[in-house]
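So the sequence shown is numbered by the numbering used here: it starts at 153 and just counts up by one.
Report on one structure; see the data block that follows.
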Amino acid sequence: MVKELLVVHNISSPLPSSCKQVKDKNPNSPSGIYILGTANGNSLYYTYCNMEELCGSGGGWTRLAYLDMNDSTINCPSGFRLYQSGGVRACGRPVTSSGSCVSVQFLSHGISYSQVCGRYHSWVSSSTCLDTNGWIQ
Numbered sequence: 153m154v155k156e157l158l159v160v161h162n163i164s165s166p167l168p169s170s171c172k173q174v175k176d177k178n179p180n181s182p183s184g185i186y187i188l189g190t191a192n193g194n195s196l197y198y199t200y201c202n203m204e205e206l207c208g209s210g211g212g213w214t215r216l217a218y219l220d221m222n223d224s225t226i227n228c229p230s231g232f233r234l235y236q237s238g239g240v241r242a243c244g245r246p247v248t249s250s251g252s253c254v255s256v257q258f259l260s261h262g263i264s265y266s267q268v269c270g271r272y273h274s275w276v277s278s279s280t281c282l283d284t285n286g287w288i289q
């Protein structure tokens, strides 16, 4: 793996800022955790890159968010409420007498993208629908 990363990055070139850039430079890159640079080059971050096909498009997908609600140490994003039933943990909008709407934004680290591929697992209780994760390319 280190050898493959060295092909993608060397001292004279900046770190890739997206998983797509990693895949474009080295088409045989495996899925896994990568260190990427922000688009402006001011900082680094770790992210999971999916190098396989998703949503009918080739690899190079950058994970922006992942909530594994099977892990009891994971909390819902701010504004969401934790729902638990029959061993299932999920995040959803809070219940109010007048209805409610809640959303969350995840940082894209300045990545320019042409596709959004979302994957979610939903659990419906009354009108509560709950989402888990997404990808961009």
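No residue lacks a Cβ here, since even glycine has one placed at the ideal position from N, Cα and C.
Taking all protein chains in view, the Cβ of residue 214 is crowded by 16 or more other Cβ atoms within 10 Å, so the residue is classified as buried. Under the DSSP assignment, residue 174 falls in the alpha helix (DSSP H) whose first and last residues are 171-177. Note on geometry: alpha-carbon atoms of residue 199 and residue 228 lie some 20 Å from one another. Between residue 184 and residue 254, the alpha-carbon positions lie close to 31 Å from each other.
Taking 7 Å as the cut-off, the beta carbon of residue 221 is found no closer than this to the beta carbon of residue 245. Pairing residue 192 with residue 262 gives a Cβ-Cβ distance under 7 Å.
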